[in-house]
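According to this note's numbering, the residues represented by the sequence shown are 5 to 137, in order.
Below is one structure; the comments refer to it alone.
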Amino acid sequence: MARTLASLPAGSRVTDYISLGVVSRAIPREKIDSILASTGKASVRQRELPAHLVVYYVIALALYMQSSYREVLRCLLEGIQWLTKPEETVRATGKSGISQARSRLGAEPLRRLYEQVVVPIASEKTRGARYRT
């Protein structure tokens with residue numbers, strides 16, 4: 005018997021099916037902590053949104069573009085509670101808290117994370133995978 009072609013329901017996006025757990029496996033907390041330490045952006049004191057969670061939050065914003073900031077934060081906190089240490093208490097904050105946390109973080113840690121994580125999948129010998137090769 006022939007099988008029908010499987011497809012996602014109409015109107016759904018890949019991000020509806022990719023969990024933040026996948027992101028946290030692809031980008032381990034240790035890597036983020038290392039980058040935060042090297043850029044001087046590691047959390048020095050307990051905050052509502054520690055620096056490593058702000059990094060995951062910015063990544064989640066890109067995945068869930070259609071959702072509000074608070075909804076993305078809610079999903080993030082629900083999805084990666086197991087990433088926090090037992091002594092860390094994280095709770096959802098308001099829009100101003102989110103904005104302050106993103107301002108404290110700045111762009112440099114995200115730039116460095118991008119440089120370390122985003123690499124070509126294809127080898128140099130893969131035909132057509134690179135521009136003008």
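A virtual CB, placed ideally from N, CA and C, is assigned to each residue, including glycine.
Bear in mind that the values here come from a model prediction, so they are computed numbers and not experimental data.
Query, Result
"What is the rounded straight-line gap between the Cα of P127 and the Cα of I31?", "Reading the sequence as shown, one finds Ser at residue 127 and not Pro. Going by the C-alpha atoms only, they are around 21 Å apart."
"If I follow the unbroken alpha helix (DSSP H) through S120, where does it start and stop?", "Inspection of the sequence shows that residue 120 is occupied by Gln rather than by Ser. Here the alpha helix (DSSP H) through Q120 covers E112 to V121."
"Could you check which residue in E112, L114 and V76 has the C-alpha nearest to that of K99?", "V76"
"Three Cβ pairs or more, each shorter than 8 Å: is that satisfied between the stretch 101-117 and the stretch 41-58?", "yes"
"Would you mind sorting A64 into buried or exposed? The rule is 16 or more other CB atoms within 10 Å of its CB.", "buried"
"Which word fits K129, buried or exposed, when buried means at least 16 other C-beta atoms lie within 10 angstroms of its C-beta?", "exposed"
"Confirm, please, whether the CB-CB distance from V58 to R116 is below 8 Å.", "no"
"Express the C-alpha separation of V26 and S42 in angstroms, rounding to a whole number.", "25 Å"
"Based on Cα-Cα distance, which residue from L24, S28, S38 and R78 lies nearest to P113?", "S38"
"Please report the straight-line C-alpha distance between A120 and I36, rounded to a whole angstrom.", "Correcting the residue type first, residue 120 is Gln in the shown sequence and not Ala. Going by the C-alpha atoms only, they are around 10 Å apart."
"Determine the DSSP secondary structure at E52, reduced to helix, strand or coil.", "coil"
"Cα-Cα, which of C79, Y60 and E34 is closest to E109?", "First, the residue type needs correcting, since residue 109 is Leu and not Glu in the sequence shown. The candidate whose alpha carbon is nearest that of L109 is Y60."
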